[in-house]
Each structure stands twice: as C-alpha cells, then as structure tokens.
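Chemist:
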Amino acid sequence: MGEVEIREEDIIIFPDGILGFEDSRQFILLDIPENEFFKILQDVEREYVSFIVTDPFKFKEDYEMEVQDNELLKINIRKKEQIAMINIVTLSDVFEKSSMNLLAPIIMNTENRIGKQYVLSNVSYSTKHPLFEKNEENPNADS
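Number 146 marks the last residue of the sequence shown (our numbering); no jumps.
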C-alpha cells in the first residue's frame, strides 16, 4: 500500500495491546482500495505488525456476543452508539477457506478512539470460524 499519512485523530489506542502483541498499542484502520469487506489494522510504530479485519456481521449475521458493562467501561463506553467492532481474519491460500476469530472480537470506542480485544466466555465460537459458511453456493468452504 506504500506510505500512509497518519493523523493523530486517526490513531486508536489499545492500552493492553492485541492478544499476542501486547507491546503494540497504537493502531490505525486502513481501507483496502476497492474492497468493502476488509480493512487493515496497522500498528503505527511497527510496520510489520498488521491484521486483516472485518465487520463480523458481514459474514455471520447471527453472531452474538456479550461483554459485561464493567468491561466496556474500561474503554469508557457508556452507550451502544459508541461501539465499533471488528474481528481478525486469517487468510488461507484458498480464499474460500479463510477464517475469522469470533472468540476474541476487538471493540472500539468511536468517540475516544480506545480499543480492547475481548476473549468471550460461555460461547461456542472459535478463533478459526470459517469466513464463508459451507453451502451449495460455496462447497469449498471447509472449516
């Protein structure tokens, strides 16, 4: 994608980092040209740390998650209008076999630009949920 101009107001602060990347605390969300489904969550200090992310509801409309209010307060979320959520995608050599991490969504406060990755409990989601559900239209989508 080349060089990207980073504006201070675009930076999202992750006080605890991202799971496995706890030292990475400042990110920006970058659009991928001509792609409405995916974005890049890019560490602003380490160019080699980035994640493909997506809105989980674009691929799994019935995705349900519950984060306790006290957890949301850690990033100063007081009303649902402040919430933006993304999930990390793992691309496969065969694109139709790509997956997303539904077990640990990333929730961001859209007003103060603070984010946190949460590990859900009491759910049957996995870190490798098929991005594309297997059906007649997509017979190659295996888990």
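Even for Gly, the Cβ is constructed at its ideal location relative to N, Cα and C.
Just checking S129 against the ligand MG - is the residue's beta carbon closer than 7 Å to any of the ligand's heavy atoms?
Modeler: For the ligand MG, the structure offers nothing, since it holds no ligand at all.
Chemist: Just mark G23 as buried or exposed, buried being the case when its beta carbon has 16 or more other beta carbons within 10 Å.
Modeler: It is exposed - the Cβ of G23 has fewer than 16 other Cβ atoms within 10 Å.
Chemist: So what does DSSP say about F60, is it helix, strand or coil?
Modeler: In the structure shown, the three-state DSSP call for F60 is helix.
Chemist: Taking buried to mean at least 16 other C-beta atoms within 10 Å of its own C-beta, is K42 buried or exposed?
Modeler: By the 10 Å Cβ count, K42 comes out buried.
Chemist: For the beta strand (DSSP E) containing D96, name the first residue and the last one.
Modeler: Unbroken run through D96: none, as it is neither H nor E.
Chemist: May I have the straight-line CA-CA distance separating P18 from Q120, to the nearest angstrom?
Modeler: 10 Å
Chemist: Look at R116 and I16 and say whether their C-beta atoms are less than 8 Å apart.
Modeler: Contact: yes.
Chemist: Counting beta carbon pairs with one atom in the region 100-115 and one in the region 82-90, are three or more of them shorter than 8 Å?
Modeler: Yes, they touch.
Chemist: Strictly by DSSP, which residues pair up with Q120?
Modeler: I109
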